[in-house]
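K.L.:
Order-wise, the sequence lines are chains R and E. The numbering of the first sequence is numbering that gives the first Met the number 0, which starts it at 0 and goes up by one. The numbering of the second sequence is numbering that gives the first Met the number 0, which starts it at 0 and goes up by one.
There are 2 protein chains.
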Amino acid sequence: MSTLRVVFEPYQRTIDVEPGQVLIRAAMDAGVHVNASCGGEGVCGKCRVIVESGSVKGGVSEKLSREDVERGYRLACQARVLTDLVVRIPVDSAIDRSALAFTAEPRRTARIRQVSFEDLKEQGLFLPPLEKRYLNLPEPNAQDRLPDVTRLVSFLQVHHHEHRLTVSLPVIRKMPSVLRKKGFEVTATLARPVYDTGKTEIVNVQAGDTTDDNYAIAMDIGTTTIYGQLIDLKTGDVLAEEGDFNGQISYGEDVISRIVYAEKPGGLERLQAVVVGTINKIIGKIVHRSKVDPEDISSITLAGNTTMTQLMLKVDPRHVRRAPYVPAATLYPPIRAVDLGIALEEHASALVYPAVSSYVGGDIVAGVMGSGMYRTDALTLYLDIGTNAEIVIGNREWMACAACSAGPAFEGGGIKFGMRAAKGAVEDFSIDPVTFEPMLMTIGNVRPKGICGSGLIILVATLFETGVIDNRGKFNRDLKTDRIRENDGVWEYVLAWAKNTQIDRDLAITEIDIENLIRAKGAIYSGCMTLLEEVGMGMPDIDQIILAGGFGSYVDLERAMVIGLLPEVDVQKISFIGNGSLMGAKMSSLTNRIRRDVVEVTRKMTSFELSETASYMDKYVAALFLPHTDINQFPRLKARLAAKRQKKIYSTDS
Amino acid sequence: MSTLRVVFEPYQRTIDVEPGQVLIRAAMDAGVHVNASCGGEGVCGKCRVIVESGSVKGGVSEKLSREDVERGYRLACQARVLTDLVVRIPVDSAIDRSALAFTAEPRRTARIRQVSFEDLKEQGLFLPPLEKRYLNLPEPNAQDRLPDVTRLVSFLQVHHHEHRLTVSLPVIRKMPSVLRKKGFEVTATLARPVYDTGKTEIVNVQAGDTTDDNYAIAMDIGTTTIYGQLIDLKTGDVLAEEGDFNGQISYGEDVISRIVYAEKPGGLERLQAVVVGTINKIIGKIVHRSKVDPEDISSITLAGNTTMTQLMLKVDPRHVRRAPYVPAATLYPPIRAVDLGIALEEHASALVYPAVSSYVGGDIVAGVMGSGMYRTDALTLYLDIGTNAEIVIGNREWMACAACSAGPAFEGGGIKFGMRAAKGAVEDFSIDPVTFEPMLMTIGNVRPKGICGSGLIILVATLFETGVIDNRGKFNRDLKTDRIRENDGVWEYVLAWAKNTQIDRDLAITEIDIENLIRAKGAIYSGCMTLLEEVGMGMPDIDQIILAGGFGSYVDLERAMVIGLLPEVDVQKISFIGNGSLMGAKMSSLTNRIRRDVVEVTRKMTSFELSETASYMDKYVAALFLPHTDINQFPRLKARLAAKRQKKIYSTDS
């Protein structure tokens, strides 16, 4: 599908969009401000634009008079691009004109990095962990009385050159009936050893030819959410994907409170059963949706942080939170899924991602594997941002890692109107630099009901760049707008008035919200800097940054740099892998090469305890500003702010 | 303890016995007949003997007058040998005197063969499957944050030179608390790989030093009875032993009826649960009796025939009994004991003896391993006699094996007064060749209540040698004795009149009993001969015979040859190993060398189907005589019978 060109006047901004794109999104992506506070639902009627040439679909509303419509006015949040367009943002006043000088930066989200099945094959990384073989066995007779198992094993040896085969009891139990169901035509599922010295295990036998159906499940066991994918091992395709809240949330929001609960009598058993309950719910959904026969699923790969992993395996995690913070184990043997209570067939094995330490868990190791960081020469900063942020710096030769507590701000926690990235969450924002009226975009283009992590970053960055807040995150109380106000003793900026929201009250961002975000980004930035210092390096040495985490794909990179969450680098150096833990789990499902390499990788990963590094606290305190105490670490922003100050003077003068 | 010498007059038979031996046993062992039909309980009062020199304890009874006692008369079944003795058997009549010419052969049971722990070590066969290591681990601190598992594994690597270690989830679960219970002093149980390419698994960790306690269980899973031993792996000693009826008996006496039951809905599951119930009952008893902590038991080795093995593992055995008689498997992987429902700790593994075919099972393979037959150059005939008889011929180079259905006669089944070898069973017998009065010995020296397998052999052999039955097993109806009679149309010989039994009716052996025994021994003998012929050999090629089976230790070898159960060979060539299956299971518990060799051995064992060998039926029919149609195969017996005929003529003449 070819793209269409939209020119916004009088800003003379041009952007290429997909046909059907909503006009207001195009404006936002182009960095053009249009007042709009209903999230794109068409309620507030403020996003009036004039289509000067080309045609759009929709955008005619009762908010517009017949004359307006005839003159080309449309609501930008309702109009979809059908052809190349020239769109004019109405300039109704001197105030509006003065705003012309300030256009926002276009949105710059990170390029999404994915490893395809074909890539794996091309790179010689494809060692299938599970293969199916269709076998037309000779039937026994008085001259050939081989036992069922021996018959199958010998056939594989002679006709398929398979050696060092083992068979488990559940498979032996199936043999007599399965072999005779379709006249000794069977399909054997072979689980390959991770190491060459290991044995190939015949994990299943099925009557007839089922070689087309060979599946695995990958799962990310997060503290908050659990995601699962059902993977077709023939194609590498994800046939179904599903996420759900970790049922353990009822027993504590964070890792520490889960550990505390696990220490109570029966607590560990309870938490184990609950997380497996969520896992099984997800399995049920993805199996149902993909219409796969559960018998064709032979493995599940699970990645989670150290505590989630120990809880899932019913391994007491109490020492994870007690100095000197020692996990029970970081490497786990393959386990039968049914032994964990996982609702798969008896032959399915559960593979658990290894960890590095109590605070650098299997989820991070999975991200390092899934992102390919462990195979590159490029010096990489891997950053997984969630309630805890994990940082890995290194390349194929070495890796240093650390974790820091970011707090829940990036997941909408501790924010007055915080919410997860779901329908109605403010995900994009710009502000009129003169009137300070907002332009809000929400997930799903509905009236807003809250603020998600990526939206929060954009909000704070934009408020900062337009001077609505200062570098300590405090509101400029002198600005002439009723959107900035004191409410119950806390200063806030009203994003949308009650009538334009779904929550029937004014939706605002408060100084406390901003403070929480600054703390979170300060922890992460100072963590990166401390870890770099520990390995004797600086940010200029970094060749690439890989972002992982639930909110990352929506994050506007430039704005993440404005608030000082990310160091100021070329955005081309930044890529995003989404749920790194899930990606790593998927990769391990697809190839034994990852399973083999991962143990070596965990050995290479040196874990640092930031809290015990003398300079960390100093760095943290210095990072509790927007973007940082030392603005010289953000030269581009510094220049931009300087330029804006000049324009401001000029426009005030005009 | 030195032995005492007893001389029996007028037979001039001398025998050395242990002090305290009952006199009638000494007589029986010496081949001296004393009338006695109460089994040694002292009821019938017939076993009067005169102690001419030396002294005995007991034997004075109301059955003897004061004068008799003063003259030295004692009841032989009540008198115990205290010193060297000269004992005279009273000769009260011409008839008695005529009997002097006929003395029975002394008892010749097989020498018992056992392999000791020291033998294993001396022969370089000792590769301990389970070893314990006491470890005083360094405690973690801020500079040493190794995970618990890594801490233990590294310590084993560095300080004990242990490599290629694996750990299972149950052990990981134990680690955090066990390590901290006694200040990081722990004992690790290491399960050694059977093959050098395998890994050592840390199967258990315990707080403190428990290296002195390291145990295993060996079990024979018989169709009728299950035997278990608790073995100290440090010394090789059997700390406790227990047998019980296989609970499956209620669902069918023999293998076929069990398979039939297993084919019913839920039948297989039921039989599996029932046999495990018996296994657990035995485990409970031997654990209780030996006062061993179940946590110190890390393995159970199970040997049984193919059907018992499949039932125990819940593997459908229906094809074992259907042509072409194919078992599901003959080799089984190690299984967690708890997965079978066996009441041992989670870390205990269950090792199942491999089989050769549907009819040559793990019990026989265990016997071949336990007896050492597989390591000898001597050409060996291994014979395990039970309801089924299994025959193995060969040596370290090759082995041929076959099974034949002997029927239950050797276990007391199908015999009118048949019973198992338990208290009250007639186990020894001689007969006065003139009066045809019996001399009965029972297990436990109590009044008889039945006939056990070994007793049956002696009965039939003695009846045959004394001419009470002919070579077709039919009674000589011309003999002048009321003990031979027709009862309900069946001819029988009364062993004990009702008043001298525990069953309040006359105890007899019938022609039908004898016919059953002849069929059973005929099947075995012809089986051996057919198998020998198949491998192009004859009985003279055999260097040694190893007998196994429940009744074997009591079998009088000469009499087994008289009935043609065993070929006529030098008794020095015959040895007895008792329960070969249990012995093999014990050996596998003690050393991995057996576990390693056994797979190779099963490959060497070629299984023959006797029923499909053309000559088997001919040989069987020829063997349905006492001892055989061709008496020339039993030259010693032939000579003896000839000599007796002469004496008979002589004595009748006198």
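Note that CB positions come from ideal geometry on N, CA and C, so glycine has one too.
(1) Assuming MET586/E contacts GLY369/E under a Cβ cut-off of 8 Å, what Cβ separation, rounded to an integer in Å, is found between them?
(2) Using beta carbons (cut-off 7 Å, strictly below), is LEU168/R in contact with chain E?
(3) Okay, do the segment 468-483 of chain R and the segment 616-636 of chain R touch, 3+ Cβ pairs below 8 Å being the bar?
(4) Leaving aside the five residues before and after LYS656/E along the sequence, list all residues of the same chain whose C-beta is less than 7 Å from its C-beta, in chain order.
(5) What is the residue span of the alpha helix (DSSP H) that ALA35/R lies within?
(6) Identify whether ALA349/E lies in helix, strand or coil by the three-state DSSP scheme.
(7) Measure the C-alpha to C-alpha separation of GLU66/E and GLY44/E and round it to an integer number of angstroms.
(8) From the DSSP secondary-structure annotation, give me the bridge partner or partners of CYS403/R.
(9) Name, please, each residue of chain E whose Cβ falls closer than 7 Å to the Cβ of PRO332/R.
(10) At the 7 Å Cβ level, is ILE174/R part of the contact set with chain E, yes or no?
(11) If we call anything under 7 Å between Cβ atoms a contact, is ASN475/E one with GLY466/E?
(12) Taking C-beta pairs closer than 9 Å, name the residues in chain E that HIS162/R reaches, listed in chain order.
(13) Assuming ILE171/R is part of the beta strand (DSSP E), what are its boundary residues?
(14) Along the chain, where does the beta strand (DSSP E) containing ARG12/E start, and where does it finish?
(15) Say whether the segment 151-168 of chain E touches the segment 182-202 of chain E, bearing in mind that this needs 3 or more beta-carbon pairs closer than 8 Å, one atom from each stretch.
(16) Would you identify the three-state DSSP class for ARG65/E, choosing helix, strand or coil?
(17) Who are the neighbours of GLY489/R on chain E, taking C-beta pairs under 9 Å?
(18) Helix or strand or just coil, what does DSSP make of THR2/R?
(19) So, is MET616/E buried or exposed, given that buried needs 16 or more other C-beta atoms within 10 angstroms?
(20) Of all the options VAL42/R, ASP315/R, PRO333/R, which has the alpha carbon lying nearest to the alpha carbon of LYS263/R?
(21) Decide if PRO137/E is buried, meaning its Cβ has at least 16 other Cβ atoms within 10 Å, or exposed.
(22) Suppose the cutoff is 7 Å on Cβ atoms and the five residues either side in sequence are ignored; what does the same chain contact list for LEU556/E look like?
(23) Within 10 angstroms of its Cβ, does TYR250/E collect 16 or more other Cβ (buried), or is it exposed?
(24) Might you give, ordered along the chain, the residues of its own chain that have their beta carbon closer than 6 Å to the beta carbon of TYR331/E, omitting 5 neighbours on each side?
(25) For the segment 461-513 of chain E, which segments carrying the beta strand (DSSP E) assignment without a break, of at least 3 residues, lie completely within its bounds, in sequence order?
(26) What is the DSSP secondary structure of ASP555/E, reduced to helix, strand or coil?
(27) Would you verify that the beta carbon of GLY361/R is, or is not, closer than 7 Å to some beta carbon of chain E?
(28) From the DSSP output, in three-state form, read off ASN140/R for me.
(29) Got a sec, what are the start and stop residues for the alpha helix (DSSP H) PHE244/E sits in?
(30) Out of ILE334/E, GLU344/E, VAL85/E, ALA399/E, which one is the CA nearest neighbour of VAL655/E?
(31) Which word fits GLN271/E, buried or exposed, when buried means at least 16 other C-beta atoms lie within 10 angstroms of its C-beta?
(32) Bridge partners for ASP292/R per DSSP, in chain order?
(33) Hey, is the segment 509-516 of chain E in contact with the segment 411-424 of chain E, meaning 3+ C-beta pairs nearer than 8 Å?
(34) So that I know if they touch, is there some Cβ in chain R lying closer than 7 Å to that of ASP15/E?
(35) Just to confirm my understanding: we take ALA559/R, look at its own chain, exclude 5 residues before and 5 after, and list those with CB closer than 6 Å. What are they?
(36) Just list the residues that DSSP pairs LYS120/R with in beta bridges.
P.N.:
Walking through what the data contain:
(1) On the second sequence, position 587 is the one that residue 586/E refers to. On the second sequence, position 370 is the one that residue 369/E refers to. The pair is a contact, with the Cβ atoms about 5 Å apart (cut-off 8 Å).
(2) The residue you call residue 168/R lines up with position 169 of the first sequence. Residue-level contact by beta carbon holds for LEU168/R and chain E, with a gap shorter than 7 Å.
(3) Because the criterion of three Cβ pairs below 8 Å is met, the segment 468-483 of chain R and the segment 616-636 of chain R touch.
(4) Given a span of 0 to 653 for chain E in the structure shown, any question on residue 656/E remains unanswerable.
(5) Looking up residue 35/R in the first sequence gives position 36. Here ALA35/R belongs to no alpha helix (DSSP H), and DSSP marks it neither H nor E.
(6) The residue labelled residue 349/E in the question sits at position 350 within the second sequence. Correct three-state label for ALA349/E: strand.
(7) Residue numbering aside, residue 66/E sits at position 67 when the second sequence is read from its first letter. Residue numbering aside, residue 44/E sits at position 45 when the second sequence is read from its first letter. Between GLU66/E and GLY44/E, the C-alpha separation is close to 16 Å.
(8) Here residue 403/R corresponds to residue number 404 of the first sequence, with the count starting at 1. Answer is ALA388/R.
(9) The sequence position of residue 332/R within the first sequence is 333, counting from 1. What PRO332/R touches in chain E: THR165, VAL166, SER167, LEU168.
(10) Locating residue 174/R in the first sequence gives position 175, counting from the first residue. One point to set straight first is that residue 174/R is Met, not Ile, in the sequence displayed. Yes, MET174/R lies at the interface with chain E (some Cβ there is under 7 Å from its Cβ).
(11) Here residue 475/E corresponds to residue number 476 of the second sequence, with the count starting at 1. Here residue 466/E corresponds to residue number 467 of the second sequence, with the count starting at 1. Contact: yes.
(12) Position 163 of the first sequence, counting from 1, holds the residue named residue 162/R. Around HIS162/R, no beta-carbon contact reaches into chain E at under 9 Å, the shortest distance being about 13 Å.
(13) Numbered from 1 along the first sequence, position 172 holds the residue referred to as residue 171/R. Looking at the DSSP string, ILE171/R is not in any beta strand (DSSP E); the run it does join, the alpha helix (DSSP H), is 168-180.
(14) For this step, residue 12/E is matched to residue 13 along the second sequence. Segment 12-16, the beta strand (DSSP E) holding ARG12/E.
(15) Yes, the segment 151-168 of chain E touches the segment 182-202 of chain E.
(16) By one-based count along the second sequence, residue 65/E stands at place 66. Here ARG65/E carries a helix assignment [DSSP, helix/strand/coil].
(17) Against the first sequence, residue 489/R aligns to sequence position 490. Checking the displayed sequence, the identity of residue 489/R turns out to be Val instead of Gly. Residues of chain E passing the Cβ test: none, with the nearest at roughly 40 Å.
(18) Counting from 1 along the first sequence, the entry for residue 2/R is found at position 3. In this structure, THR2/R counts as coil in the three-state DSSP scheme.
(19) In the second sequence, counting from the first residue as 1, residue 616/E sits at position 617. That one is exposed.
(20) Sequence index remark: in the first sequence, residue 263/R carries index 264 (1-based). Among VAL42/R, ASP315/R, PRO333/R, the Cα nearest to that of LYS263/R belongs to ASP315/R.
(21) Start at 1 with the first residue of the second sequence, and residue 137/E comes out as number 138. Exposed is the call here.
(22) As a position in the second sequence, residue 556/E is number 557, starting the count at 1. Taking LEU556/E as the centre and dropping the five residues before and after it, the same chain places the C-beta of ARG107, THR108, ALA109, LEU565, VAL570, ILE573 closer than 7 Å to its C-beta, in chain order.
(23) If you number the second sequence from 1, residue 250/E lands on position 251. Under this definition TYR250/E is a buried residue.
(24) Position 332 of the second sequence, counted from the start, is the residue given in the question as residue 331/E. Within the same chain, Cβ atoms closer than 6 Å to the Cβ of TYR331/E are found at VAL351, the five residues on either side in sequence being excluded.
(25) If we require 3 residues or more, the beta strand (DSSP E) runs fully inside the segment 461-513 of chain E come out as 483-486, 489-495, 506-509.
(26) Stepping through the second sequence from its first residue, residue 555/E is reached at position 556. DSSP, reduced to helix, strand and coil, places ASP555/E within a strand of the structure shown.
(27) Along the first sequence, read from residue 1 onward, the residue named residue 361/R stands at position 362. By this cut-off, GLY361/R is not an interface position.
(28) Residue 140/R sits at position 141 when you count from the first residue of the first sequence. DSSP places ASN140/R in strand when its eight states are reduced to three.
(29) Here the question's residue 244/E lines up with position 245 in the second sequence. Going by DSSP, PHE244/E is part of no alpha helix (DSSP H) but of the beta strand (DSSP E) stretching over 237-244.
(30) There is simply no residue 655/E to check, as chain E begins at 0 and stops at 653 in what is shown.
(31) Walking along the second sequence from the start, residue 271/E turns up at place 272. Answer is buried; the Cβ neighbour count reaches 16.
(32) For the purposes of this step, residue 292/R is taken as residue 293 along the first sequence, with counting starting at 1. Looking at the DSSP output, ASP292/R bridges to nothing.
(33) Flag = yes, the segment 509-516 of chain E and the segment 411-424 of chain E touch.
(34) For the purposes of this step, residue 15/E is identified with residue 16 of the second sequence, where counting begins at 1. Not a single C-beta of chain R is nearer than 7 Å to the C-beta of ASP15/E.
(35) As a working mapping, residue 559/R is identified with position 560 in the first sequence. Counting only Cβ-Cβ distances below 6 Å, and skipping sequence neighbours, we find ILE456, LEU565.
(36) Against the first sequence, residue 120/R aligns to sequence position 121. DSSP, once it has assigned bridges, lists no residue as partnering LYS120/R.
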